[in-house]
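Right, dumping it as structure tokens:
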């Protein structure tokens, strides 16, 4: 009987852990369609909301990283050499912090608790919110600041964090 009780408590605690993991971040999608002359345009707003009590660090990866471990995602984004340098080398050498970020290469956003960041996508060929949600589930990387600190000194990233509350990009990266 005692074993069944302990097993029940273990299952309950595990379900709480899974529930807490899913509520770290919330994605809300809205779309607005309009015409310019006879051309139809849709702006899809993806609001990323930090539902956590800790800062989240987020970035977008060009490739599907949904199956990668945290360490693999970090290595790929910060330590993979692109051209002559990796993003981490630029950070540690204190280079390029005055240049605008490059989405998929040097774009990093710190999202404070209970705040949102919006990514707006302009498209002429809107194919539905679910396709965009699926894209973000595969390409948006977010980590608690404490987790990132285990691999990289977050305070060194301060100059590189994207400061604005939203960005725009074209749908060619999604479709």
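In this note's numbering, the protein residues as written are 5 to 179.
Beta carbons are placed, not taken as given, at the ideal position from N, Cα and C, and that holds for glycine.
Computed from a predicted model, the values in this text were never measured in an experiment.
task = Return the CA-CA distance between residue 129 and residue 174, expressed in angstroms with no decimal places.
result = If you number the chain shown from 1, residue 129 lands on position 125. If you number the chain shown from 1, residue 174 lands on position 170. Each residue's Cα considered, the two are about 11 angstroms apart.
inquiry  = For residue 104 and residue 94, what's the separation of their Cα atoms in angstroms?
reply    = Start at 1 with the first residue of the chain shown, and residue 104 comes out as number 100. Start at 1 with the first residue of the chain shown, and residue 94 comes out as number 90. When rounded, the distance between both Cα atoms is 14 angstroms.
key: residue 131 to residue 139 span [Cα, whole Å]   = The residue you call residue 131 lines up with position 127 of the chain shown. The residue you call residue 139 lines up with position 135 of the chain shown. If I take the Cα positions, the gap works out to 12 angstroms.
task = Could you check which residue in 117, 47 and 27 has the C-alpha nearest to that of residue 39?
result = For the purposes of this step, residue 39 is taken as residue 35 along the chain shown, with counting starting at 1. Nearest C-alpha to residue 39: 47.
request  = Rank 155, 49, 34 and 59 by C-alpha distance to the C-alpha of residue 28 and give the top, closest one.
outcome  = Here residue 28 corresponds to residue number 24 of the chain shown, with the count starting at 1. It is 59.
ask   = Who are the near neighbours of residue 92 in its chain, counting only those whose CB is closer than 8 angstroms to its CB and skipping five residues on each side?
value = Numbered from 1 along the chain shown, position 88 holds the residue referred to as residue 92. Excluding sequence neighbours, residue 92 sits near 82, 83 and 156.
query = Among all the DSSP beta bridges, which residues are the ones paired with residue 35?
reply = Stepping through the chain shown from its first residue, residue 35 is reached at position 31. Beta-bridge pairing links residue 35 to 48.
ask   = Helix or strand or just coil, what does DSSP make of residue 173?
value = To locate residue 173, count along the chain shown from 1; it is residue 169. Strand at residue 173.
query = Does DSSP classify residue 164 as helix, strand or coil?
reply = Here residue 164 corresponds to residue number 160 of the chain shown, with the count starting at 1. Here residue 164 sits in coil by DSSP.
ask   = Rounded to whole angstroms, how far is the Cβ of residue 133 from the Cβ of residue 33, which I believe are closer than 8 angstroms?
value = To locate residue 133, count along the chain shown from 1; it is residue 129. To locate residue 33, count along the chain shown from 1; it is residue 29. The Cβ separation is near 4 angstroms, so the contact holds.
key: Contact under 8 angstroms by Cβ, residue 169 with residue 110   = Here residue 169 is taken as the residue at index 165 of the chain shown, counted from 1. Here residue 110 is taken as the residue at index 106 of the chain shown, counted from 1. For residue 169 and residue 110, no; Cβs fall outside 8 angstroms.
inquiry  = Just to confirm the assignment, what range does the alpha helix (DSSP H) spanning residue 144 have?
reply    = By 1-based counting over the chain shown, the position of residue 144 is 140. Note, residue 144: premise wrong, no alpha helix (DSSP H); beta strand (DSSP E) at 144-148.
inquiry  = Taking the beta carbon of residue 106 as the centre, do at least 16 other beta carbons fall within 10 Å, making it buried, or is it exposed?
reply    = Position 102 of the chain shown holds residue 106. Exposed: under 16 other Cβ atoms inside 10 Å.
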